[in-house]
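**Q**
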Amino acid sequence: MDAARAPNGWPLDDRGPAYGDGLFETVLLRDGEPRLWAEHLARLARGCRVLGIPLPTLAELERPLGEAGEGLAVLKLILTRGSGGRGYLPPAEPEPRLRWQLLPFSPAAERWEAGVRVRHCRLRLGLQPALAGLKHLNRLENVLARAEWSDADTAEGLLCDSEGCLVEATCMNLFWRHDGRLETPRLDRCGVAGTLREALLARLPIHEVDARPETLGSVEALWLGNSVQGLWPVIRLDDARGRALRHWTITPDHRALQAEAHDLLGHPLPA
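Residue numbers (my numbering): 1243 to 1513.
1) So, is A1248 buried or exposed, given that buried needs 16 or more other C-beta atoms within 10 angstroms?
2) Can you have a look at S1460 and say buried or exposed, based on whether 16 or more other CB atoms are within 10 angstroms of its CB?
3) Under a three-way DSSP split, which group does T1437 fall into?
4) In three-state terms, what does DSSP make of Q1343?
5) Mapping the DSSP letters down to three states, classify E1355 as helix, strand or coil.
6) Counting C-beta neighbours from all protein chains within 10 Å, is the total for P1475 16 or more, i.e. buried, or is it exposed?
7) Which of the three DSSP states, helix, strand or coil, is assigned to L1297?
8) How would you write the range of the beta strand (DSSP E) that V1385 sits in, first residue to last?
9) Under 7 Å Cβ to Cβ from W1490, same chain only, skipping five residues before and after it: list those, please.
10) Let me know the alpha helix (DSSP H) ranges lying completely inside the region 1278-1333, each 4 residues or longer, listed in chain order.
11) Just to confirm, are L1265 and L1379 a CB contact at a threshold of 8 Å?
12) Please classify T1299 as buried or exposed, where buried requires at least 16 neighbouring CB atoms within 10 angstroms.
13) What are the partner residues of C1402, as DSSP defines its beta bridges?
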C-alpha cells in the first residue's frame, strides 16, 4: 500500500484523479480520538468491496491518528485504486494509494443554537444503485449543486434524484419529524449514507422513506447533519430562487435529536 501524509503529488496515471476511481472518509478527531470510527471503517470496507479495491490494513488507516494533537481536527482519508489498466479497464491486481490530510477544525456552533436557512437545488442526482451510499471520489453533482448559491445566509442546498425524490443536502443528510415520527430519505438508489446517519439509525426509531419535496411543507421539524458538523436545525426553507417556502421555530424536539447526535460526536449542546 502506497501511503503518504498529504493528498498531493498524484501521478498523472492515478485512477483517483483521472476517473474518480476511489473512496474517501472525513473523520472528526477529538484529542486524537476518531469519532464514529467503526462506522467510517465499515463504510470504507463496503466501498472497497463494491469497487474491488483492496482495503488498507487497520494499522495503515490508523497511522495518521498518531499525528493528531489535542483539540478538534478533521482527518481526510483518500483511497484510490492506484495506477494501471488501459483506459477505463481497471488493473487485474490493483496497487491502491492511500493519502491523508489533517486539518484543525472549529464547528459552526452558532448554527447549532440559532438554526439554519436552506434551499432546494435545481440539480437532480442521477440514479445508480450500485454506488448508492458510498462516499466515492466522483462528486461533480455535489460541486454543481453547491455552485447554485453564494449568499452566506444559506447554509445548505437540498437535492432530489432524477425522479423527484428527496435524497440529501450537498454534504449532509436530512432528517425530519412527520406526524410525530422521525424519518430520513431512503438511500438505496443514490446519495451518501453518512456515518452520523448510520449511528442514529442504530440508536433511534428513524424510518427510511421515499418522500418528495412537498413533504417538507408539513413536517414539524427538519434537520441537517453529518459526522463533522453535528446536527443543524432548519428554521427556513427556500425554493431554488431563494423565495421562502416554510419557517420553523426551534422546539424541544429539535434539541432532543441534537442531543443524540452530539452525544455520538462529543459536541456540546446549545444552551
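Think of the CB as a built atom: it goes at the ideal place given N, C-alpha and C, for glycine as much as any other residue.
**A** In brief:
1) Confidence at A1248 is low in this model, with a pLDDT of 43, below 50, so the placement of that residue should be treated as unreliable; the coordinate-derived value is given next. It is exposed - the Cβ of A1248 has fewer than 16 other Cβ atoms within 10 Å.
2) exposed
3) helix
4) strand
5) helix
6) buried
7) coil
8) Run containing V1385: none in the beta strand (DSSP E); it sits in the alpha helix (DSSP H), 1382-1388.
9) A1463, L1464, V1476, I1477
10) 1279-1293, 1300-1304
11) yes
12) exposed
13) R1366, L1408
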